[in-house]
Amino acid sequence: MKRIFFFILATSVFGITFGQTTTQLFSIADSTVGVSHVTGAPVTATRCVVPGSLSGWHWDGFSDYLLLELRDQYNHNLSSINSGTLAMVDMTNKELKWTRPVNYNSSEVRLQGNYCFLSEKKKNFRIDPETGNVMWENRNEFYFIDPLLGIGIGYPLRSLSNKLTAVDLSNGRELWEKKINRTSGWDDAYMLNDSTLLISVDGISAINLTNGKGWTYKAGTTKKEVGKMIGFNVINIILGLIFDQYALQTQPDVYSEMVSNMLIDPNENTILASKDMISGIDPSGEVVWSSPLPERITSKSSLFLLDSMIYMINRGYAQYNGGFSLTGEPYFASFDLHSGRQLFLTVLPEVNDFIHNFQVVNDILFLVFENKVATYSIVDGTLITEEVLGLEDGEALDFFAESQIYRKENDHFYKELLSDFSTHNFLMTTEGRVFVLTDDLETVMVYEKQDLYHKITGNGQYALISNNDTDFIVLDNSDIPIGSLKATDNLFLNNEKLCFFDKESFWEVDLHQLYQSPNLWQAIFRNLSKFTPAFN
Numbered sequence: 019m020k021r022i023f024f025f026i027l028a029t030s031v032f033g034i035t036f037g038q039t040t041t042q043l044f045s046i047a048d049s050t051v052g053v054s055h056v057t058g059a060p061v062t063a064t065r066c067v068v069p070g071s072l073s074g075w076h077w078d079g080f081s082d083y084l085l086l087e088l089r090d091q092y093n094h095n096l097s098s099i100n101s102g103t104l105a106m107v108d109m110t111n112k113e114l115k116w117t118r119p120v121n122y123n124s125s126e127v128r129l130q131g132n133y134c135f136l137s138e139k140k141k142n143f144r145i146d147p148e149t150g151n152v153m154w155e156n157r158n159e160f161y162f163i164d165p166l167l168g169i170g171i172g173y174p175l176r177s178l179s180n181k182l183t184a185v186d187l188s189n190g191r192e193l194w195e196k197k198i199n200r201t202s203g204w205d206d207a208y209m210l211n212d213s214t215l216l217i218s219v220d221g222i223s224a225i226n227l228t229n230g231k232g233w234t235y236k237a238g239t240t241k242k243e244v245g246k247m248i249g250f251n252v253i254n255i256i257l258g259l260i261f262d263q264y265a266l267q268t269q270p271d272v273y274s275e276m277v278s279n280m281l282i283d284p285n286e287n288t289i290l291a292s293k294d295m296i297s298g299i300d301p302s303g304e305v306v307w308s309s310p311l312p313e314r315i316t317s318k319s320s321l322f323l324l325d326s327m328i329y330m331i332n333r334g335y336a337q338y339n340g341g342f343s344l345t346g347e348p349y350f351a352s353f354d355l356h357s358g359r360q361l362f363l364t365v366l367p368e369v370n371d372f373i374h375n376f377q378v379v380n381d382i383l384f385l386v387f388e389n390k391v392a393t394y395s396i397v398d399g400t401l402i403t404e405e406v407l408g409l410e411d412g413e414a415l416d417f418f419a420e421s422q423i424y425r426k427e428n429d430h431f432y433k434e435l436l437s438d439f440s441t442h443n444f445l446m447t448t449e450g451r452v453f454v455l456t457d458d459l460e461t462v463m464v465y466e467k468q469d470l471y472h473k474i475t476g477n478g479q480y481a482l483i484s485n486n487d488t489d490f491i492v493l494d495n496s497d498i499p500i501g502s503l504k505a506t507d508n509l510f511l512n513n514e515k516l517c518f519f520d521k522e523s524f525w526e527v528d529l530h531q532l533y534q535s536p537n538l539w540q541a542i543f544r545n546l547s548k549f550t551p552a553f554n
């Protein structure tokens with residue numbers, strides 16, 4: 019079974035001393051945040067006001083436990099606040115499970131799947147979310163966790179070491195270690211099967227997570243400008259002899275991320291393109307085939323597979339000393355899946371631009387540039403047509419949107435654009451406008467940002483849409499509006515409960531009330547709410 023690798027980057031910060039508590043940390047009150055379109059009754063939220071400032075939150079996506087980062091109130095004698103409290107809250111009854119003092123300078127907590135980790139200095143602790151107790155400790159920050167095997171792999175905290183270590187997450191015991199470069203970070207990672215992790219870094223490293231065994235395929239993904247550094251230093255040595263002041267460059271400038279995604283074919287072979295080569299590697303690490311790439315113009319690239327053809331989109335950019343840089347030239351190429359033989363390579367004329375986004379529809383490749391779209395045949399790589407779109411000052415084309423964009427049909431129905439234009443293409447701009455295009459690049463409609471609603475979250479029963487991240491429409495599973503709410507875009511949906519956050523509190527809305535007819539007390543509350551300020 020293949021599983022796509024992902025990082026959960028949400029973090030919070032706190033010290034390692036803790037205490038369980040049943041004391042109410044926050045005050046609770048009901049506030050009006052909207053109205054039901056079904057009953058006309060006001061929608062109320064339970065507001066939990068915290069002491070100090072709520073600077074962050076973490077939810078694992080399925081439980082009723084909510085981890086809050088609370089900063090102490092500002093003290094005029096301090097230039098910044100680095101202390102506070104970490105609080106685990108049971109959202110069912112709004113009771114605290116436990117709290118910890120927080121030192122934002124020296125400690126950090128991470129939620130990765132089901133696991134809660136706390137790091138302080140060079141130690142990493144696994145924390146029991148039920149009690150806040152330390153279950154075990156080690157010294158590694160985890161880059162990847164496999165929840166089925168219960169294994170995490172990572173590098174030593176606060177260190178530049180390239181020693182990758184695997185840890186049994188049930189007890190913290192180290193299983194194996196090996197050297198895997200992380201100087202520029204990992205480019206990609208993917209579970210090839212139930213036990214083998216593929217890491218894209220200077221090529222590919224395949225590792226069996228249970229024993230650390232595997233294979234390595236080396237590939238060039240960076241380019242160092244050594245000659246440029248030598249020339250710079252020669253000139254500055256000469257100037258230094260004249261003016262008695264030296265400024266020497268000690269490290270060469272580096273282009274990095276000149277590599278593609280890892281593409282897995284039906285036989286579990288891995289295809290990877292680097293700055294000078296595209297190769298197919300079988301599950302045992304043997305190179306099945308390789309084809310050269312034009313190194314002078316190759317940069318960051320994207321691979322995809324259709325039938326027995328591999329397609330490569332050379333994007334025309336890379337990282338230069340850690341920042342974005344136009345590099346090489348955009349091109350589009352195709353290779354035979356079984357032999358790696360190049361079928362065509364089409365260099366694109368946009369030498370001062372890069373490929374912002376792309377999509378394939380039938381046998382047409384759509385390429386998005388800053389102000390135009392071009393279509394190419396995936397059969398032979400030839401240009402079909404191109405169109406410069408009418409953009410506003412400072413606006414650029416961004417990406418193709420597939421779904422989850424709505425417009426207001428009437429007061430009783432919101433409609434996805436896809437339902438009106440099922441055979442068309444939706445191209446989003448950096449300013450939030452959407453161009454509706456035919457496959458021939460004819461513009462059928464242009465929607466302004468204020469006329470569109472984007473799906474923020476949903477769970478099959480409800481969907482929240484908004485066009486300003488403050489005013490939200492709640493849709494049922496037939497896209498019929500059943501309520502309007504004021505909230506923040508800092509939110510999540512847990513079954514029928516909507517939670518959102520501001521700097522002073524977290525709010526919980528039971529969406530089931532949207533269907534409940536108001537009783538006498540609700541009617542009274544509705545009249546009183548006219549004089550009660552809603553959330554803003």
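Numbering-wise (my numbering), the sequence shown opens with residue 19 and increments by one. Built from N, CA and C at the ideal position, the CB exists for glycine as well.
- Each residue's CA atom was taken as its position, placing ASP507 and GLY238 some 42 Å apart.
- Residue range 101-108 is occupied by the beta strand (DSSP E) that includes SER101.
- DSSP places LEU409 in the coil class of the three-state scheme, outside both helix and strand.
- With the rule of 3 Cβ pairs closer than 8 Å, the stretch 145-152 does not count as touching the stretch 170-177.
- Between the stretch 185-193 and the stretch 158-170 there are three or more C-beta pairs closer than 8 Å, enough to call the two in contact.
- With 16 or more other Cβ atoms inside 10 Å of its own Cβ, ARG157 counts as buried.
- C-alpha of ALA336 to C-alpha of GLU275: approximately 6 Å in a straight line.
- By the criterion of at least three beta-carbon pairs nearer than 8 Å, the stretch 290-297 is in contact with the stretch 209-227.
- Three or more Cβ pairs closer than 8 Å define a contact, and the stretch 480-488 meets that threshold against the stretch 498-506.
- Straight across, the Cα-Cα distance linking LEU323 with LYS236 is about 23 Å.
- Of the residues THR62, THR50, THR117 and ALA59, the one whose Cα lies closest to the Cα of PHE44 is THR117.
- Counting only runs of 4+ residues, no alpha helix (DSSP H) is found wholly inside the stretch 308-387.
- For the pair LEU366 and GLU460, the Cα-to-Cα distance works out to about 22 Å.
- Minimum Cα-Cα distance from LYS141 among the listed residues GLN130, ASN443, ASP283 and PHE160 corresponds to PHE160.
- For the pair SER213 and ASN226, the CB atoms are nearer than the 7 Å cut-off.
- It is roughly 25 Å from the alpha-carbon of MET463 to the alpha-carbon of SER496.
- Less than 7 Å separates the beta-carbon of PHE372 from that of ARG333.
- For TRP77 and LEU85, the gap between their C-alpha atoms comes out near 7 Å.
- Here TRP204 is near ILE217, since their CB atoms are less than 7 Å apart.
- Note on geometry: alpha-carbon atoms of PHE342 and SER278 lie some 16 Å from one another.
- Checking the DSSP bridge columns, you'll see LYS433 partnered with ARG425.
- Under the DSSP assignment, PHE439 falls outside any beta strand (DSSP E); it carries neither an H nor an E label.
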